[in-house]
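In full-length UniProt numbering, the protein residues as written are 1 to 312.
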């Protein structure tokens, strides 16, 4: 039993080492695709990807999260492939749902005008694929491990219609089927927040940002394995490209159906300890922006501590 536990912990350490070493496997994705490597995926899940993006998507879909690993890993050495010169006006290009009714890719062209908050939010009625909203008892506590996760965060989608066109006075995207997927509470509220706050801070400082999120499904599964997220600001201060694992500490999921069960062996390192969210909020009143490198350093730092503690 002890040997099995140590093996599981070692696998987690190996997963974190991938991050420490620069995630070389995923860093090679763009170059691999351009050299003609052949990756396969279903036509429906690749509906919104072309060229190198299609090969990267296929490679990401094959990745399997190892318990104890970091909550997010870099793609293309952490550098966005988006071109800031394409920013012309505020809008969101919402990708159509695929043949299985799953979200695909949303690309947002954002400015300060798209920031907003409301006193209260209306109820969300749309049930994305893989959605069950089932309570699970984890460590003696009754939790709901699934969220209706926005690809493009609600607070940065104001003054845009459901079709993504600019119109003053519009509330944020709350219940748009093209912008909602079944996301774990941890991925939505912890990991993704780290990167969303970089975008949000830049917008508050008057910068313009292109932000793209793609839900990554394996084959015909109904719950995403992860969220491929990247952004670039027109001044270059924001530039990240990451794959955010759709995982939950203490819960394992059947991604084919979206149903989960308590699993004490499932651990996630890093995101709950990262302080860049607080740092980013503080920087809203200064000229500096939390950088992608700062976020990566903290993920490594706290992810390493979590794994080291588990091994002792």
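Quick reminder that beta carbons are idealized off the backbone N, C-alpha and C, glycines included. Remember, it's a predicted structure, so these values are computed and weren't measured experimentally.
message = Which residue marks the beginning of the alpha helix (DSSP H) containing residue 197, and which one marks its end?
response = For the purposes of this step, residue 197 is taken as residue 197 along the chain shown, with counting starting at 1. From DSSP, the alpha helix (DSSP H) with residue 197 extends over 192-204.
query = Exposed or buried, what is residue 178 when buried is set at 16 or more other beta-carbons lying within 10 Å of its beta-carbon?
reply = The count along the chain shown starts at 1 and reaches residue 178 at position 178. Buried: at least 16 other Cβ atoms inside 10 Å.
ask   = Quick one: any contact between the segment 145-154 and the segment 99-110, if contact means 3 or more CB pairs under 8 Å?
value = yes
ask   = Buried or exposed: residue 64, going by 16 or more other Cβ atoms within 10 Å of its Cβ?
value = The residue labelled residue 64 in the question sits at position 64 within the chain shown. With fewer than 16 other Cβ atoms within 10 Å, it is exposed.
task = Go through its chain and collect everything with a Cβ distance to residue 173's Cβ below 8 Å, but skip five positions before and after it.
result = One-based indexing of the chain shown puts residue 173 at position 173. Answer for residue 173: 92, 150, 152, 154, 157, 160, 162 and 179, listed in chain order.
ask   = Are there 16 or more other CB atoms within 10 angstroms of the CB of residue 126, so buried, or fewer, so exposed?
value = One-based indexing of the chain shown puts residue 126 at position 126. Classification of residue 126: exposed, given that the 10 Å Cβ count is below 16.
inquiry  = Can you list, in chain order, the residues of its chain with a C-beta nearer than 6 Å to that of residue 214? Leave out the 5 residues immediately preceding and following it.
reply    = Taking the first residue of the chain shown as position 1, residue 214 is located at position 214. Around residue 214: 105 and 228.
message = Quick test of the definition: if touching needs 3 or more C-beta pairs under 8 Å, does the segment 78-90 touch the segment 181-198?
response = no
query = What separation, rounded to the nearest whole angstrom, lies between the Cα atoms of residue 115 and residue 164?
reply = For the purposes of this step, residue 115 is taken as the residue at position 115 of the chain shown. For the purposes of this step, residue 164 is taken as the residue at position 164 of the chain shown. Cα-Cα distance, rounded: 14 Å.
ask   = Hey, out of 53, 62, 204 and 55, whose CA is closest to residue 219's CA?
value = Position 219 of the chain shown, counted from the first residue, corresponds to residue 219. Of the listed residues, the one whose Cα sits closest to residue 219 is 62.
ask   = Just curious, the beta strand (DSSP E) that residue 228 is in, first and last residue?
value = Your numbering for residue 228 matches position 228 in the chain shown. Here the beta strand (DSSP E) through residue 228 covers 226-233.
query = With contact counted as at least three CB pairs below 8 Å, one residue from each stretch, are the segment 198-218 and the segment 84-102 in contact?
reply = yes
task = Determine the contact status of residue 146 and residue 133, defining contact as a CB-CB distance below 7 Å.
result = The residue you call residue 146 lines up with position 146 of the chain shown. The residue you call residue 133 lines up with position 133 of the chain shown. The answer is yes: Cβ separation under 7 Å.
ask   = By the 10 Å Cβ neighbour count, where 16 or more other Cβ atoms means buried, how is residue 86 classified, buried or exposed?
value = The sequence position of residue 86 within the chain shown is 86, counting from 1. So residue 86 counts as exposed.
ask   = Quick one, which of 187, 245 and 199 has its alpha-carbon nearest residue 112's?
value = To locate residue 112, count along the chain shown from 1; it is residue 112. Of 187, 245 and 199, the residue nearest in Cα terms is 199.
ask   = For residue 144, which residues of its own chain have a beta-carbon under 6 Å away from its beta-carbon, when the five flanking residues on both sides are left out?
value = Counting from 1 along the chain shown, the entry for residue 144 is found at position 144. Once the five neighbours on either side are set aside, the close Cβ partners of residue 144 are 135.
inquiry  = Run through the DSSP bridge pairs and tell me what residue 254 is partnered with.
reply    = Counted from its first residue, the chain shown places residue 254 at position 254. The partner list for residue 254 (beta bridge, DSSP) reads 259.
query = Between the Cα of residue 171 and the Cα atoms of 207, 240, 117 and 137, which residue gives the shortest distance?
reply = Counting from 1 along the chain shown, the entry for residue 171 is found at position 171. Here the closest residue by C-alpha is 117.
request  = Closer than 8 Å by C-beta to residue 90: which residues in its own chain qualify, once you throw out the five before and the five after it? Chain order, please.
outcome  = Residue 90 sits at position 90 when you count from the first residue of the chain shown. So the qualifying residues of the chain are 109, 110, 111, 113, 114, 159, 160 and 166.
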